[in-house]
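> Structure in structure tokens, see below.
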Amino acid sequence: MEDRTGWLKELIRDVYDFPKPGVTFKDITPLLSDPDAFAKTVGELAGAFNGEVVDKVLGIEARGFIVAAPVALALGAGFVPVRKAGKLPWQVHAESYQLEYGTDILEMHQDAIGPGERVLIVDDVLATGGTAAAVARMVDHMGADPVGFAFVLELAFLGGRAKLRDRDTFSLVTYE
Ligand code: AMP
Numbered sequence: 508m509e510d511r512t513g514w515l516k517e518l519i520r521d522v523y524d525f526p527k528p529g530v531t532f533k534d535i536t537p538l539l540s541d542p543d544a545f546a547k548t549v550g551e552l553a554g555a556f557n558g559e560v561v562d563k564v565l566g567i568e569a570r571g572f573i574v575a576a577p578v579a580l581a582l583g584a585g586f587v588p589v590r591k592a593g594k595l596p597w598q599v600h601a602e603s604y605q606l607e608y609g610t611d612i613l614e615m616h617q618d619a620i621g622p623g624e625r626v627l628i629v630d631d632v633l634a635t636g637g638t639a640a641a642v643a644r645m646v647d648h649m650g651a652d653p654v655g656f657a658f659v660l661e662l663a664f665l666g667g668r669a670k671l672r673d674r675d676t677f678s679l680v681t682y683e
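Dropping the structure here:
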């Protein structure tokens, strides 16, 4: 089958053994610095949810912010940052999640989303799915409705999509 995302894969750089030995980091900075590719990426992610009512787009710190903010504007939705613990100034809702070793915490302002709001969760990479699943739990606890997830790229061999269950999950580029 023809790979329609070859143009994009050329702008995603593999950095071996970063941030630690054995990890291949997917560096999207070449893509971000190409205005046509960046615009096309944002257009495709937003386009995948065009038919949906989306009130808020949540971006996950830090590279998720870069992609989520223009997707929010394209969908006519508000942008909400989901941050690492201790970074947000107002009252927060926190959610912890499992890492390979230990746990981490993500936070969102308590008034960032309201009950019944429809929320799209955006990040650069879907790897094991732990991060995105934690954000979806946070959205659930706040009484809002996670309509789906959008990623620039997915490391399918890590099986993260299964953690996101039946929610609509769109990735522009997939690495099998
Ligand atoms: P996970 O919770 O395993 O799905 O990891 C997703 C988060 O970690 C995202 O915020 C990504 O930005 C980051 N991440 C995980 N693996 C990679 C990778 N190979 N290259 C770049 N970022 C990654």
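Quick note, this note's numbering runs 507 ahead of the 1-based positions in the sequence shown.
Idealized CB from N, CA, C, for every residue including glycine.
These numbers were taken from a predicted model, which means no experiment stands behind them.
Mind checking whether the beta-carbon of V632 lies closer than 6 Å to any heavy atom of the ligand AMP?
Yes, Cβ of V632 sits closer than 6 Å to a heavy atom of the ligand AMP.
> Pick from E517, T676, A641 and D631: whose alpha carbon is nearest that of L606?
It is A641.
> Contact between the segment 623-642 and the segment 561-569: three or more CB pairs below 8 Å?
Contact between the segment 623-642 and the segment 561-569 is present, because at least three Cβ pairs lie under 8 Å.
> Considering just the uninterrupted stretch of the beta strand (DSSP E) at I567, what are its terminal residues?
K563 to I567 is the span of the beta strand (DSSP E), which, as asked, contains I567.
> Here's the rule: buried if 16 or more other CB atoms are within 10 angstroms of the residue's CB, otherwise exposed. What is P537?
Flag for P537 reads exposed.
> Are F468 and A663 closer than 7 Å when you measure CB to CB?
This structure gives no information on residue 468, because the portion of the chain shown stretches from 508 to 683.
> Here's the rule I'm using: 16 or more other beta-carbon atoms within 10 Å means buried, otherwise exposed. How should F556 be labelled?
Buried, since its Cβ has 16 or more Cβ neighbours within 10 Å.
> What residue range is occupied by the uninterrupted beta strand (DSSP E) comprising G696?
For residue 696 there is no data in the structure shown, the boundaries of the chain being 508 and 683.
> Just to confirm, does R672 get its C-beta within under 6 Å of one of the non-hydrogen atoms of the ligand AMP?
Result no, Cβ not under 6 Å from the ligand AMP.
> Express the C-alpha separation of T638 and P688 in angstroms, rounding to a whole number.
Nothing about residue 688 can be reported from this structure: the residues present for the chain run from 508 to 683 only.
> Checking 7 Å against the spacing of the C-beta atoms, do K591 and G636 come in under that value?
It is not a contact, given that the beta carbons lie outside the stated cut-off.
> Going residue by residue through the segment 601-643, where are the continuous beta strand (DSSP E) segments of at least 3 residues, counting only ones entirely within it?
Runs of the beta strand (DSSP E) inside the segment 601-643: 610-616 and 625-633.
> Should E661 go down as buried or exposed, given a rule of 16 or more other Cβ atoms within 10 Å for buried?
Answer is buried; the Cβ neighbour count reaches 16.
> Give me the DSSP bridge partner(s) of T676.
Note: T676 sits in a beta bridge opposite F656.
> By a C-beta neighbour count over all protein chains shown, 10 Å radius and 16 as the cutoff for buried, is T548 buried or exposed?
Counting Cβ neighbours within 10 Å, T548 comes out buried, since at least 16 surround it.
> Measuring straight from C-alpha to C-alpha, what distance separates G593 and V560?
Looking at the two C-alpha atoms, the distance is approximately 31 Å.
> Within its chain, find whatever has a CB closer than 7 Å to the CB of P528; leave out the 5 residues flanking it on each side and keep chain order.
Counting only Cβ-Cβ distances below 7 Å, and skipping sequence neighbours, we find nothing.
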